[in-house]
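So the structure is just underneath, and the comments pick up after that.
Numbering (full-length UniProt numbering), first residue to last: 1 to 352.
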């Protein structure tokens, strides 16, 4: 059996690592990298650190508007899929790469496998929400990370070939967190002590494309005492420059280039709190038992809100500061599976 996997963004590289490791023991995998994330620190380093096989195809699509980016992907992925004639096309998550891969396969009558199916933020202003919904509705096999995701699909009358296998990012965390502890020198390199800093990641268009929101977020960072480490996304850095905002002037804020997966895990596990707008980082914080503040109005990972592990603030300056300074004693639950999602996915594919 041949499976074509389409990926293109940092979270998808992390998800693909455990699945590819198991998948390739039984089947042929053709790896198609769209190039949606092309910065070496957000792409190549993940393949090296996670031992993901070198992509069979690299499309080099890069950045651009949603229409331009997705359109280029559709054209290039279709050519490859028609040539390779896979039995399935496998996609992860909710990016433009996800949607492009799913649409190509469905038009060519090739069944789609969607890993991380069923997530909903119920905010259709988010491009990712549209990508999720459309991908789920054209998929043949839907692998959900939580029971909430299964229920979301049921409400949309998607009940056939739906499995709750757990979260493949949890597989990756369990596999790599001790390796990160041993190999990463990022804390020493930055002269950081454990629990002495806040870790920041801000990259979503809903925050970075609105100068007022970005100003409010930076104002909140200025009100937060102590050391704040921000591995800044190239797109976010560009937006700061475009708006004439100088984040480097904020006391205690240290801007660094994007880091690899092992360094990021180490920064996350060593932080006293994480401030983010990333869905993946919310989960990693939860898996690593680090309190999280999410600079969004909604989250698709509603499980992280239970027990006080994650707090939603939107971009309100005072809410962000209050949530960061709030003393919390989070309660964590095993709602993301047992760390064997990849094996369950491959076993389910084999039953088809």
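Glycine residues also receive a C-beta, built at the ideal position from the N, C-alpha and C atoms.
**OP:** Taking only heavy atoms of the ligand PLP into account, decide whether any of them is closer than 6 Å to the Cβ of residue 299.
**Re:** For the structure depicted, the ligand PLP is absent and the ligand set is empty, with no information on it obtainable.
**OP:** Using three-state DSSP, classify residue 286 as helix, strand or coil.
**Re:** Here residue 286 sits in helix by DSSP.
Original post:
Is it the case that the Cβ atoms of residue 344 and residue 165 are separated by a distance below 7 Å?
Top reply: Taking 7 Å as the Cβ cut-off, residue 344 and residue 165 qualify as a contacting pair.
Subject >> residue 265: first and last residue of the uninterrupted alpha helix (DSSP H) it sits in >> reply: Residue 265 -> alpha helix (DSSP H) spans 261 to 270.
Original post:
Are the beta-carbon atoms belonging to residue 311 and residue 198 less than 7 Å from one another?
Top reply: With contacts defined as CB atoms closer than 7 Å, residue 311 and residue 198 fail to qualify as a contacting pair.
Subject >> Assigned secondary structure, residue 182 (DSSP; H/G/I helix, E/B strand, else coil) >> reply: Helix, per DSSP.
Original post:
For residue 164, which residues does DSSP report across the bridge?
Top reply: According to the DSSP secondary-structure assignment, residue 164 is paired through a beta bridge with 144.
Original post:
Taking Cβ to Cβ, would you say residue 308 is nearer than 7 Å to residue 170?
Top reply: The answer is no: Cβ separation not under 7 Å.
**OP:** For residue 293, name the three-state secondary structure that DSSP assigns.
**Re:** DSSP places residue 293 in strand when its eight states are reduced to three.
Original post:
Quick one: what's got a C-beta closer than 6 Å to residue 355's C-beta in the same chain, skipping five residues either side?
Top reply: Residue 355 cannot be examined here, being either before or after the span of the chain that is shown, 1 to 352.
Original post:
Starting from residue 76 and walking both ways along the alpha helix (DSSP H), at which residues does that stretch end?
Top reply: Residue 76 -> alpha helix (DSSP H) spans 66 to 84.
Subject >> Candidates 159, 32, 151: closest to residue 102 by CA position >> reply: For residue 102, the closest C-alpha among the options 159, 32, 151 is that of 32.
**OP:** Answer with yes or no whether the minimum CB distance from residue 141 to chain C is below 7 Å.
**Re:** Protein chain content of the structure displayed is limited to a single chain, and chain C is not contained in it.
Subject >> Inter-residue spacing [alpha-carbon to alpha-carbon] between residue 200 and residue 1 >> reply: So the two alpha carbons sit approximately 42 Å from each other.
Original post:
Among 251, 243, 236, which has the Cα closest to the Cα of residue 226?
Top reply: When only C-alpha atoms are compared, the closest one is 251.
Original post:
Can you tell me the Cα-Cα spacing of residue 328 and residue 89, whole angstroms?
Top reply: So the two alpha carbons sit approximately 43 Å from each other.
**OP:** Within its chain, find whatever has a CB closer than 8 Å to the CB of residue 84; leave out the 5 residues flanking it on each side and keep chain order.
**Re:** A distance below 8 Å between beta-carbons, with the five flanking residues on each side excluded, links residue 84 to the following residues of its chain, in chain order: 2, 4, 30.
**OP:** Assign residue 303 to one of three DSSP states: helix, strand, or coil.
**Re:** Of the three classes helix, strand and coil, the one that applies to residue 303 here is helix, per DSSP.
Original post:
Hey, out of 269, 53, 351, 302, whose CA is closest to residue 181's CA?
Top reply: It is 269.
Subject >> Sequence-distant residues of its chain with Cβ nearer than 7 Å to residue 241 (five each side left out) >> reply: Result list for residue 241: empty, nothing under 7 Å.
Original post:
Curious, which full-length beta strand (DSSP E) runs of at least 3 residues does the stretch 17 to 59 contain?
Top reply: As summarised for the stretch 17 to 59, the continuous beta strand (DSSP E) elements at least 3 residues long and confined to that stretch are 28 to 33, given in chain order.
Subject >> Candidates 263, 16, 288, 50, of which the one nearest residue 185 by Cα >> reply: Minimum Cα distance to residue 185 is reached at 263.
**OP:** Please classify residue 170: does DSSP put it in a helix, a strand, or coil?
**Re:** DSSP, reduced to helix, strand and coil, places residue 170 within a helical segment of the structure shown.
Original post:
Closest to residue 162 by CA distance: which of 313, 335, 119 is it?
Top reply: Residue 119 holds the alpha-carbon nearest to the alpha-carbon of residue 162 among 313, 335, 119.
Original post:
Enumerated in chain order, which unbroken segments of the alpha helix (DSSP H) with a length of 4 residues or greater are wholly contained in the stretch 172 to 231?
Top reply: With a minimum length of 4 residues, the continuous alpha helix (DSSP H) runs that stay inside the stretch 172 to 231 are 186 to 189, 205 to 208, 211 to 223.
Subject >> Straight-line gap, residue 318 to residue 220 (C-alpha atoms, nearest Å) >> reply: Each residue's Cα considered, the two are about 7 Å apart.
**OP:** Identify every residue that forms a DSSP beta bridge with residue 2.
**Re:** According to DSSP, which records beta bridges pairwise, residue 2 is partnered with 28.
Original post:
So who's on the other strand from residue 310, going by DSSP bridges?
Top reply: Its beta-bridge partners are 292.
**OP:** Output the distance between the C-alpha atoms of residue 35 and residue 27, rounded to the nearest integer angstrom.
**Re:** As the crow flies, the alpha-carbon of residue 35 is around 24 Å from that of residue 27.
Original post:
How big is the Cα-Cα spacing for residue 352 and residue 46?
Top reply: Take the alpha-carbon of residue 352 and the one of residue 46: they are about 31 Å apart.
Subject >> Cut-off 6 Å between Cβ atoms - residues of its own chain near residue 206, not counting five sequence neighbours on either side >> reply: Within the same chain, residue 206 has no close Cβ partners at all.
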